[in-house]
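K.L.:
Anchor point for the sequence shown: position 89 equals 71 in this note's numbering, and the numbering is continuous, going up by one each time. Note that beta-carbon positions come from the ideal geometry of N, C-alpha and C, so glycine has one too. Can you read through this structure? Questions will come right after.
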Amino acid sequence: MRQYYPGAQYVDWVGMSGYYRTATEQPTFQTTFGATLAQIRKIAPGKGIVLNEIGATETGGTVTDSQKSQWITSLFDALADPANRDIIGFAYFSQVATTIVDGTRTTNDWRLDSRADSLATFVKGIARNDIDYDLQEVSK
């Protein structure tokens, strides 16, 4: 990754994407982001980090039960951790996507409202006041 970093004088923020999609992995922030965040912090110390595109799926034959809700809870717990104060924002990929992997068509539902418990967990997380984000209500 270091060979792609142009240098601190050219960069204000750095970013990464991460998805939870495999039921055999723990549904945690650390599992999804830990290794890449450690690399980014070594290469670009002191820079704000944006989680450019993130999400968790419940379909596609791998993630079931409450794993998506567990992952969302872990996300907000991690954002409240002072060790992650350098994470300055995120964008959630709230879409359904169909892909073909190894000849098999798979549909993954990344939407926050794919299940009632997933949406309720996100609503609870985004309302937390122990995360140093200036979250403002968006209205149409």
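Looking at threonine 80 and threonine 86, is the spacing between their C-beta atoms short of 8 Å?
P.N.:
Result no, Cβ atoms of threonine 86 and threonine 80 do not sit closer than 8 Å.
K.L.:
Where do the ends of the beta strand (DSSP E) carrying glycine 16 lie?
P.N.:
Per DSSP, glycine 16 belongs to no beta strand (DSSP E); it is in the alpha helix (DSSP H), 11 to 25.
K.L.:
Between the stretch 91 to 101 and the stretch 10 to 25, can you find at least three pairs of beta-carbon atoms closer than 8 Å?
P.N.:
Verdict: no, contact absent.
K.L.:
Is there at least one non-hydrogen atom of the ligand HEM closer than 7 Å to the beta-carbon of glycine -3?
P.N.:
Ligands are entirely absent from the displayed structure, and the ligand HEM is therefore not among its contents.
K.L.:
Could you name the residues of the same chain whose beta carbon sits closer than 8 Å to that of glutamine -15, not counting the 5 residues immediately before and after it, in chain order?
P.N.:
Answer for glutamine -15: no residue qualifies.
K.L.:
Tyrosine 1 to proline 9, Cα distance in whole Å?
P.N.:
Answer to the nearest angstrom: the Cα atoms are 10 Å apart.
K.L.:
Mind checking tryptophan -5: buried by the 16 CB within 10 Å criterion, or exposed?
P.N.:
Exposed, because fewer than 16 other Cβ atoms sit within 10 Å of the Cβ of tryptophan -5.
K.L.:
Pull up the DSSP beta-bridge partners for isoleucine 31, would you.
P.N.:
Isoleucine 31 is bridged to Val(-4) and Ile69.
K.L.:
In its own chain, which residues sit with a C-beta less than 6 Å from the C-beta of isoleucine 113, not counting the 5 before and 5 after it?
P.N.:
Result list for isoleucine 113: Leu61 and Ala62, in chain order.
K.L.:
Please report the straight-line C-alpha distance between isoleucine 108 and glutamine 52, rounded to a whole angstrom.
P.N.:
Going from the Cα of isoleucine 108 to the Cα of glutamine 52 covers about 14 Å.
K.L.:
Return the chain-ordered list of same chain residues with a C-beta closer than 6 Å to the C-beta of alanine 38, the five sequence neighbours on each side being excluded.
P.N.:
The answer, listed in chain order, is Tyr2, Lys50 and Trp53.
K.L.:
Count the other CB atoms, across all protein chains shown, that sit within 10 Å of the CB of alanine 26; report buried if there are 16 or more and exposed otherwise.
P.N.:
Burial call: buried.
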